[in-house]
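*Asks:* Take the sequence shown: its position 88, counted from the start at 1, is 107 in our numbering, and no numbers get skipped.
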Amino acid sequence: MVMVAACKGDKGDPGPAGTVGPQGQAGPQGDPGAVGPAGPAGPTGVMGYAQSNGQAVTGATFNYIYPLTLNTASATKCIVSVTGWLDTTAAITGLNETFPAVKVSGAADPGLQSYGCYFPAAPSGNPYTSCSYTFVTTVTPSTAYQFGCNLRPNAANSGGYCAVAASCF
Numbered sequence: 020m021v022m023v024a025a026c027k028g029d030k031g032d033p034g035p036a037g038t039v040g041p042q043g044q045a046g047p048q049g050d051p052g053a054v055g056p057a058g059p060a061g062p063t064g065v066m067g068y069a070q071s072n073g074q075a076v077t078g079a080t081f082n083y084i085y086p087l088t089l090n091t092a093s094a095t096k097c098i099v100s101v102t103g104w105l106d107t108t109a110a111i112t113g114l115n116e117t118f119p120a121v122k123v124s125g126a127a128d129p130g131l132q133s134y135g136c137y138f139p140a141a142p143s144g145n146p147y148t149s150c151s152y153t154f155v156t157t158v159t160p161s162t163a164y165q166f167g168c169n170l171r172p173n174a175a176n177s178g179g180y181c182a183v184a185a186s187c188f
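1. Going by the CB atoms, is the gap between Asn169 and Asn115 shorter than 8 Å?
2. Roughly how many angstroms separate the alpha carbons of Asp128 and Pro56, rounded to a whole number?
3. Specify the secondary structure class of Ala53 as computed by DSSP and reduced to three states.
4. Contact between the region 87-105 and the region 158-167 is defined here as three or more beta-carbon pairs at a separation below 8 Å; is this criterion met?
5. In angstroms with no decimal places, state the Cα-to-Cα distance between Ala60 and Val155.
6. With three or more C-beta pairs closer than 8 Å as the rule, is the region 176-183 touching the region 80-87?
7. Whether or not the region 120-138 and the region 36-51 are in contact is what I'm after, with contact meaning three or more pairs of Cβ atoms, one per stretch, closer than 8 Å; do they touch?
8. Can you tell me whether Thr107 is buried or exposed? The criterion is at least 16 other CB atoms within 10 Å of its CB, across all chains shown.
9. Where does Thr107 fall in DSSP's three states?
10. Out of Thr153, Phe118, Gly125, Ser124, state which residue places its alpha-carbon closest to the alpha-carbon of Leu131.
11. If we ignore side chains and look at the alpha-carbon of each, how far apart do Cys187 and Pro41 end up?
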């Protein structure tokens, strides 16, 4: 009987890498983090609305009507929406306009502050014509302001009205 001894030779070079296996399942969701501190308080908002009684308005000039007075608290801006009305029992001809008007309470009338709107011709039998306009204006905090309309009819009119809403922030 012949015995053969196994010989161990030098280690060979490593073989090529195998293919990447499939993605494993996601692990469990971790605990949520702690809630952060509350942010600073925003400015205090104020809102108001009012409508004037009818009043005679002069033609071809500015006619200011201020049905709303509001203190702005900590607000620095206001969104102002106005609707002007004219009584159609008077002749409505030519250009008839209304503009928003905002002033510090008791101050002089401000002149034109923004664009406005034109009154359309009223349908037959309708007692009024109206138009509306909205704009944003800057205000001083903690100050009383008057909000209203600047009506400018082409001719004198016995019934000019103003409705205004202000939201200050």
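By construction, the Cβ of each residue, glycine as well, lies at the ideal position given by its N, Cα and C atoms. Everything numeric in this text was worked out from a predicted model, so none of it was measured.
*Replies:* Straight from the coordinates:
1. As a first step, residue 115 is located in the sequence shown; it is residue number 96 there, counting from the start. As a first step, residue 169 is located in the sequence shown; it is residue number 150 there, counting from the start. Note that the C-beta distance between Asn115 and Asn169 is not below 8 Å.
2. For the purposes of this step, residue 128 is taken as the residue at position 109 of the sequence shown. For the purposes of this step, residue 56 is taken as the residue at position 37 of the sequence shown. Taking the straight line from one Cα to the other gives about 46 Å.
3. Along the sequence shown, read from residue 1 onward, the residue named residue 53 stands at position 34. Here Ala53 sits in coil by DSSP.
4. Touching, yes, given that three or more Cβ pairs across the two stretches are closer than 8 Å.
5. Within the sequence shown, numbered from 1, the residue matching residue 60 stands at position 41. Within the sequence shown, numbered from 1, the residue matching residue 155 stands at position 136. Annotation: Ala60 to Val155 spans about 22 Å, alpha carbon to alpha carbon.
6. Contact between the region 80-87 and the region 176-183 is present, with at least three C-beta pairs closer than 8 Å.
7. The answer is no - the region 120-138 does not touch the region 36-51, with fewer than three Cβ pairs under 8 Å.
8. Counted from its first residue, the sequence shown places residue 107 at position 88. Buried, by the Cβ-count rule.
9. For this step, residue 107 is matched to residue 88 along the sequence shown. Thr107: coil per DSSP, three-state reduction.
10. The residue you call residue 131 lines up with position 112 of the sequence shown. For the residues Thr153, Phe118, Gly125, Ser124, the minimum Cα distance to Leu131 belongs to Phe118.
11. For this step, residue 187 is matched to residue 168 along the sequence shown. For this step, residue 41 is matched to residue 22 along the sequence shown. Cys187 and Pro41 have their C-alpha atoms spaced approximately 59 Å apart.
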